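Chains as they are written, first to last, in the working numbering: chain A, 1 to 399; chain B, 400 to 798; chain C, 799 to 1197; chain D, 1198 to 1596.
These notes concern the structure reproduced below.
Number of protein chains: 4
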Amino acid sequence: MTARKGLLERLREGPVIGDGGFVFQLEKRGYVKAGPWTPEASVTHTDAVRSLHRDFLRAGSDVMQAFTFYATEDKLVNRGNKAGETIGVDKINRASSKLAREVAAEGDALTLGGISQCPSYLSGMSKDDVKAEYRKQIKVFVEEEMDFLLCEYFEHIEEMEWAIETCKETDKVVAASMCIGPEGDMHGVSAAECAVRMARAGADVVGVNCHFDPFVSLEALKKMKEGLEAAGLKPFLMCQPLAYHTPDAGKQGFIDLPEFPFGLEARICTRWDMHKYAREAYELGVRYIGGCCGFEPYHIRAVAEELAKERGRFPPGSDMHDAWGKGLEMHTKPWVRARANREYWEKLMPASGRPYCSSMSCPDNWGVTQGDSVLKQQATSTSSEEIAKLKAMQDQKKA
Amino acid sequence: MTARKGLLERLREGPVIGDGGFVFQLEKRGYVKAGPWTPEASVTHTDAVRSLHRDFLRAGSDVMQAFTFYATEDKLVNRGNKAGETIGVDKINRASSKLAREVAAEGDALTLGGISQCPSYLSGMSKDDVKAEYRKQIKVFVEEEMDFLLCEYFEHIEEMEWAIETCKETDKVVAASMCIGPEGDMHGVSAAECAVRMARAGADVVGVNCHFDPFVSLEALKKMKEGLEAAGLKPFLMCQPLAYHTPDAGKQGFIDLPEFPFGLEARICTRWDMHKYAREAYELGVRYIGGCCGFEPYHIRAVAEELAKERGRFPPGSDMHDAWGKGLEMHTKPWVRARANREYWEKLMPASGRPYCSSMSCPDNWGVTQGDSVLKQQATSTSSEEIAKLKAMQDQKKA
Amino acid sequence: MTARKGLLERLREGPVIGDGGFVFQLEKRGYVKAGPWTPEASVTHTDAVRSLHRDFLRAGSDVMQAFTFYATEDKLVNRGNKAGETIGVDKINRASSKLAREVAAEGDALTLGGISQCPSYLSGMSKDDVKAEYRKQIKVFVEEEMDFLLCEYFEHIEEMEWAIETCKETDKVVAASMCIGPEGDMHGVSAAECAVRMARAGADVVGVNCHFDPFVSLEALKKMKEGLEAAGLKPFLMCQPLAYHTPDAGKQGFIDLPEFPFGLEARICTRWDMHKYAREAYELGVRYIGGCCGFEPYHIRAVAEELAKERGRFPPGSDMHDAWGKGLEMHTKPWVRARANREYWEKLMPASGRPYCSSMSCPDNWGVTQGDSVLKQQATSTSSEEIAKLKAMQDQKKA
Amino acid sequence: MTARKGLLERLREGPVIGDGGFVFQLEKRGYVKAGPWTPEASVTHTDAVRSLHRDFLRAGSDVMQAFTFYATEDKLVNRGNKAGETIGVDKINRASSKLAREVAAEGDALTLGGISQCPSYLSGMSKDDVKAEYRKQIKVFVEEEMDFLLCEYFEHIEEMEWAIETCKETDKVVAASMCIGPEGDMHGVSAAECAVRMARAGADVVGVNCHFDPFVSLEALKKMKEGLEAAGLKPFLMCQPLAYHTPDAGKQGFIDLPEFPFGLEARICTRWDMHKYAREAYELGVRYIGGCCGFEPYHIRAVAEELAKERGRFPPGSDMHDAWGKGLEMHTKPWVRARANREYWEKLMPASGRPYCSSMSCPDNWGVTQGDSVLKQQATSTSSEEIAKLKAMQDQKKA
């Protein structure tokens, strides 16, 4: 294991391909609950989590990220969640880490332990309290010998800095990505400034993940790159966007879209969108290229195939996927065989089959963030009265 | 195992839930190649096929259909396919049957062996030749003790009758579904007449599968039901449609849509569409309710949840899915918690995020069918000259 | 004047081109009020009505139809309308007839007096009462020497028959068109049967007008033609559809669409749609080809230009309109000059510039018709209580 | 005439309402040819031009702008145009001025003489040459006693400055508006800087017209306002946008959209859009509020009705238009009467009835401007070879 090249060495050599989003894909497969986004699946449905790791490995992922999204202890006991009590933060993070390591060893992949923003910060708790939450996860990652650490899905640069600092208490390589778009963080800090502060806090790799589609995310990356260059900083850049088209999302991204999370199907990117994404990301100088919510194995495979020349290899899964639709040469219908060419798929403007639906949505725009009382953590379940009240607030905002 | 209730007994008691489509889902997971739709995955990627069976079992499927789509011998050697030679029809069908039986035993599911239309028919070969193809598969299904047989995905009622007759050479219960819409089969036979002929040929269960979305398919079912009633026939009805919206597909269904098969994402149905589908199918009197291409485990779960009352149980997978978005009560953002109610999701008209794309497409309209030379089976790969010629024909038709 | 060829003679020689809709165009120019669709504009704003006649004459119309839509006496006193009392049915119809005659004489156009369905019928009044309403208008048309009569915009074949019978009390040629689509009249009579009954009642020309777009209307015409042929009848066919795309309208047409009447802009047909309409109508055998609501002068000009070869002449207005965009050869921008060709405009799929709007709407579906109390005529204005009650009914139907 | 209040006095008192676009509306009525946009209609079709003036006066316009768009002499002889030779710049401008004055006197409207960018500038001719073109028009405006002058539809601030300077050789009030959006002029000068330079060149009123929809135009106005404030300048602001939705237009506006000029129908704004536009313009501080291409009389009426309170009067045409659909209270159908309220129309999201068309288009993006050889003026007609060459260039850019 020690002979394997580390992340930074690989990034220096060429593009590193991340994996796709676990919570959305496992929700569709039936093993994760939307809302709490239950990371305890690594304990309760180990086979399902392992299968998804294998799917991504086969698709070309160079990194097996332990499935630990929202697995801080404060999140595991928030709003009626029982996982913190019945299973516990240590057991979940450890099981996830072991799974990642097991599958990574089946290929030549790196392992990764990730932490995300936590309810304690949104509730306005202290820096020490927030860091304490992270240390519980990081301790496991170190003990389970994850190759590097990632602070991802942060909406506030301040909390991100605390998270990076906590990671830097170890000797691991640290990557950092915020779930922001070109408009910057929720406190009004620009994308460029966020990038500079992530790098200065010690991140070796910086970028964005989640919340926006590949193309909106690359706009944010472009601003980050400009900010870093102006500051004379040179971290690697990473991008792990949604696989959902979000030209209409506001500052807070797809969470604000009315389709989130159970009506996003019509927004799912095609594999051809991902070819375009991979190429544009690479040309912008991004070297850690992966995906987040909505990315399925075939999306990652498309990224790996687009960059096959740069990487000197096709992903293992290309044995069941011919580039640019060439497999259709074996279709029984001649007019489908006629589609077995790159030009056809590059030019296609896919229809939605939904003539009563529009192209864009007006996002919910609550405009509240850290410190607002409505965001405070609470241990008890949300009551039906609270839901009714929130629904009324929402209706009023829409009127 | 003998104590288990058979298909007809179950259908008499209430709705039986089928599974979803294997070829499209396994293609996205990375184990099946689009074009030849390689059923040999049961041999080459056993774990992946088993995982998908388990996902559907957990989602509520009462039937584990062996993954044998397009696994006739003539298909396995068509247009450069090597699977017939290197693996063979017996081995593929047997491995698939065993997998279905293995997972079915983990629940209380029935096993099913299915046959589909074959290139020999399209090429204009004789009834005996076509039946001989089917017998190679059916022999395995009998030896592997599949609970019942299904003739599915037939575009011509004539070939369907041959297939049913071949199945009836065994003593198995036989179900039959054509991949047609309200306009009927490719030779101009109405949907109503197709239903009558399937029933008269001996099918105990008749209906449609694939090629059209749930709502277009139910229109076809309605015509079938009327035809059967007029003829005094009473088979059970089955429906296993696409999970893609296809209001714009022509007579030959989604294969004619320009998005087939690599640009269909924007057409994917939501879980709420499936609630509606399950309710409408049940009210029409359909008792075998499942899905085909595009149906993922969560779509089947939605069908099972909608019919939970009629079936007296929720699917196992509902432990990770609260009805009508109730799990969102645990979301950190208040405006997402406000979506934790049925009315919100029933009313949602999801946007596509694709402002440069239309709602509907003009289908390719080649209008060729059985007997046309361009449909003839050939053992050799399609050449690039042939593709260029087909592409030119397509461009001309579009102009 | 007597030397002019009459309608039937012209129809025998080739296509006769009608005019476009007066109420919608005059509403946009500022001289007609939407709701009562005030035909008294011929008295109060004579110049504006004359100008529109001239625009249509120049565009190629062969017929100047007196602006007498909804000018029965019962309509002029319905729901707070004062025109019946202050001006009177005789004066309005007479002024309109004179204007039509004046402008017709400036070209070689025919004059036409038209009657439409009246509130008395919807209110359930007797045949005699309804006929009496029509006689007041027809008397004026005869005295003002209109060349022929038209019964148009009828939703019920029964009332249409009464109207034709009343017209047949004169010796004028009678044309008849219903505002129905392929689904037939409001009492469930098929389009084919409606056509047969119009012809049998004595109409020399039969067809449809208003309520549906050109292409839906031609579907209705096709059914009418089949019905007439089956019955061995040979009247001329006429079509005067909307210039609004209505693929989503229900049985009652565009009135049911939520955009009616103040939000229809996005549905307006282009001139190229009208070329297509004129060609398809002509090929179906329709010989009286015009328009209704939404048709502006340039739409009629497009019809006249498409049929220029069949008619042996271009309309006068073509001096300011080169066919298929050729005038763009004089545009300053080269990329606009590149659009100066037929292929460009025939292939164009125009975008709406409205990414938050859908392609299709769900029509209001009240399903009430003649005899329903809510449709009864009343002399007094609608009260705000009534509006509130209707709005509540509508909201309930939408929920 | 001398007792009438002048423009600046009126602007100080409250909003002044402009008129709508003559070329597009007269093209649809049949009197102007698209491409050369023939201003000679004032000579050849005097009645039609007069009618449109009256329509706008009745709709609430405070200004009758002489129809002199593109009536410089160099434009009248460009690319095969014969109007310069057969009629002449003096005669056209004089006839148009007289018509404006005639109709203005029927109300209390001001008269306006306008000049626009000319081919000589695009062709790279000298400042003196360009100014000489403008002086030919301005001389007529002075002799015909137009109340004020307007330099409108300029894409380059440099040419605009030359135009303003030429106007300032008279003692007339001068207004100035560029056909630019938030991205600024074709030479890369920002909208803010353009505003400052217009004001410094002597314009009393500055703003934008044409090329973009009301809401994109107001974004440009906002930038202009900020620039002016930063420079300590206080001219009045004016806005005369398109009545076509153009969220997808590039820097050069709707001319680049593939729908220009014969496929723009689906983009036409509703009257409710214009209420919103008028309110937002007023709140931004814009005091000269009118329209350009696509604005029909009812659009201007909507602006006048929205600002009725601020202006202390409704337009004359409101006698045939009840606010917010109230006239529908007189409709025969109850479900249409239910639409007689403001909330209904404010909330309506109108569908296009075009399910095969998208919401947005990719604009042509030739990126050439002043000085480019392809933009040079030429007296001879464009040849078919040139069109073929341009079409090939266009196809290549699209591929």
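Idealized CB from N, CA, C, for every residue including glycine.
Every value quoted in this text rests on a predicted model; they were computed, and no experiment measured them.
Assuming residue i contacts residue j under a Cβ cut-off of 8 Å, what Cβ separation, rounded to an integer in Å, is found between them?
| i | j | result |
| --- | --- | --- |
| B/D647 | B/M759 | 4 Å |
| D/E1503 | D/A1475 | 4 Å |
| B/T510 | B/A562 | Going by Cβ atoms, the distance from B/T510 to B/A562 rounds to 19 Å, so no, they are not a contact pair. |
| B/D381 | B/P657 | There is simply no residue 381 of chain B to check, as chain B begins at 400 and stops at 798 in what is shown. |
In whole angstroms, give me the CA-to-CA distance for residue i and residue j.
| i | j | result |
| --- | --- | --- |
| A/E40 | A/K98 | 13 Å |
| D/S1300 | D/F1253 | Residue identity check: residue 1300 of chain D is Val in the sequence provided, not Ser. Their backbone Cα atoms lie some 10 Å apart in a straight line. |
| C/Q1194 | C/G1061 | 22 Å |
| B/S589 | B/P640 | 18 Å |
| A/S352 | D/K1448 | 29 Å |
| B/K633 | A/K33 | 41 Å |
| B/R700 | B/G420 | 14 Å |
| D/N1290 | D/C1466 | 31 Å |
| A/D19 | D/S1374 | 53 Å |
| C/R856 | C/Y868 | 26 Å |
| C/M1191 | C/E981 | 25 Å |
| C/Y919 | B/P754 | 47 Å |
| A/R135 | A/V16 | 27 Å |
Do the CB positions of residue i and residue j come within less than 8 Å of each other?
| i | j | result |
| --- | --- | --- |
| C/K826 | D/Y1350 | no |
| B/L789 | A/P334 | yes |
| A/T86 | B/E728 | no |
| C/D1002 | C/A973 | yes |
| C/S894 | C/S840 | yes |
| D/E1352 | D/C1376 | yes |
| A/E310 | A/Y282 | yes |
| A/T68 | A/G113 | yes |
| B/V685 | B/C638 | yes |
| D/G1424 | D/E1390 | yes |
| A/E133 | A/T72 | yes |
Taking Cβ positions only, does residue i come closer than 8 Å to chain B?
| i | result |
| --- | --- |
| A/A266 | yes |
| A/H331 | yes |
| D/M1198 | Note that D/M1198 scores a pLDDT of 45, beneath 50, so its modelled location is shaky; the value from the coordinates is reported in the next line. Cβ-Cβ to chain B under 8 Å: no for D/M1198. |
| A/R313 | no |
Taking 8 Å as the CB-CB limit, is residue i close to chain D?
| i | result |
| --- | --- |
| C/K826 | yes |
| C/Q935 | no |
| C/D817 | no |
So is residue i in contact with chain A if we call contact Cβ pairs under 8 Å?
| i | result |
| --- | --- |
| B/Y697 | yes |
What are the residues in the region 1278 to 1306 of chain D lying within 9 Å of chain C by C-beta distance? N1278
Using a Cβ-Cβ cut-off of less than 9 Å, give me the residues of the region 994 to 1022 of chain C that come near chain B, in sequence order. none
Positions along the region 339 to 373 of chain A whose CB lies within less than 7 Å of some CB in chain B: A340, N341, W345, L348, M349, P350, A351, S352, G353, R354, P355, Y356, C357, S358, S359, M360, S361, D364, W366
Anything in the region 457 to 472 of chain B with a Cβ closer than 8 Å to a Cβ of chain A? List those residues in chain order, please. R457, A458
Where the region 1024 to 1045 of chain C meets chain D: residues whose CB sits under 8 Å from a CB there: Cβ contacts with chain D: Y1042, H1043, T1044, P1045.
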